[in-house]
Amino acid sequence: MARKKNVIAPNEERSVVAMNKMANDIEKAREKYGDGLPFEEERILDCIVFRAERTSHEFQALGEYCLWYKIEVGHGRFVEGLKRRNIEVRGAYWAMAMVEKFGDKFDTVSNLGARKARLLTTFTKEEIDEYLKGGTLGAIPHDDVERKTYSDLADEVRRQRKKSKAKDEDHKAEVKRLNETIADLRIRAEDPMQLTDAQRAHQLIRKKFTPDYTLALAEVSSGLRKAISIIADAERTEGIGVQELNEWLNTFVNDSLRIRELMDEWRLADENPNPVQDNFFDIIEGKAGV
């Protein structure tokens with residue numbers, strides 16, 4: 040009997056899901072960042088211009104208006120609107136990141152100064168919350184954050200992030216070794232002579248394909264995270280504007296398209312596995328032709 044294939048959701052259904060998510064995001068943005076008045080694009084741009092021209096204590100309001108505007112109109116129109124009103128896009132992204140990371144503790148962090156506050160956005164919200172409670176900032180002592188110069192603090196952040204990354208890689212490697220050991224023990228504990236065909240299939244695929252497939256997925260995940268991090272670093276680099284970023288990213292268009300094509304191929308294979316024949320064990324044991 041032929042194996043029933045999984046069915047991919049129609050494009051219409053995916054569009055409905057995407058539209059519902061967008062509507063939900065907009066509603067949340069109105070509640071979280073709105074000022075109680077209806078959204079009007081030019082009015083919000085006026086508010087952003089006004090806040091951008093004020094002193095640093097208005098930085099939080101700038102970030103909130105920018106978040107609201109971006110979620111209402113989408114990324115492309117958000118960037119176009121800021122450029123049309125001569126607002127520095129990179130500065131707007133910093134303001135949004137600081138609002139999202141610091142929340143109602145924004146004033147406390149902004150007392151460190153804009154440059155140090157920006158450094159803090161490289162930490163997780165949990166690490167920032169711990170620091171604001173009087174604890175460490177990652178592995179950096181609490182008092183060192185305020186006492187150190189910006190350059191010294193930046194160097195320390197880079198050192199801590201490098202150590203953290205190495206620790207994460209060691210942990211992943213250890214987990215991989217443990218998973219391989221557990222899988223091997225499970226296989227050895229099973230009596231091949233008493234296994235059903237399905238059990239033998241699970242045994243075979245775990246032993247033959249799991250290690251390489253796990254490693255391949257880990258490498259893809261690590262590579263994409265690294266690519267995202269590099270783009271974020273480029274966006275935060277002083278002296279680099281939107282035009283330079285876009286021109287730089289455009290040189291990788293072909294690579295990006297190929298990655299998207301490969302992701303589509305992988306998703307199709309993952310959602311619709313299709314063995315050559317249903318008599319799988321006859322094939323691998325040489326009892327049937329392929």
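Numbering (the numbering used here), first residue to last: 40 to 329.
The beta carbon of each residue, even a glycine, is placed where N, CA and C say it ideally should be.
The structure presented is a predicted model; accordingly, all values stated were derived computationally and were not measured.
{"Check": "Test item: CB-CB of Glu-166 and Leu-176 under 8 Å", "Outcome": "yes"}
{"Check": "Backbone CA spacing between Lys-204 and Glu-195 [nearest angstrom]", "Outcome": "14 Å"}
{"Check": "Buried versus exposed call for Lys-155 [16 or more other C-beta atoms within 10 Å across all chains shown]", "Outcome": "buried"}
{"Check": "Nearest-angstrom Cβ-Cβ length linking Lys-215 and Thr-253, presumed shorter than 8 Å", "Outcome": "7 Å"}
{"Check": "Range covered by the alpha helix (DSSP H) that runs through Glu-283", "Outcome": "281 to 289"}
{"Check": "Minimum C-alpha distance to Asn-63 - residue among Trp-107, Leu-76, Glu-80", "Outcome": "Trp-107"}
{"Check": "Host alpha helix (DSSP H) of Ile-269 (start-end)", "Outcome": "249 to 274"}
{"Check": "4 or more residues per run - each alpha helix (DSSP H) lying fully within the region 130 to 179", "Outcome": "145 to 149, 153 to 159, 164 to 171"}
{"Check": "Cβ-Cβ separation, Tyr-170 to His-181 (assumed contact under 8 Å), whole Å", "Outcome": "6 Å"}
{"Check": "Residue range of the alpha helix (DSSP H) that includes Phe-98", "Outcome": "98 to 112"}
{"Check": "Residue of Ala-131, Ser-261, Ala-273, Lys-201 minimising C-alpha distance to Ile-87", "Outcome": "Ala-131"}
{"Check": "C-beta contact flag for Ile-221 and Gln-199 at 8 Å", "Outcome": "no"}
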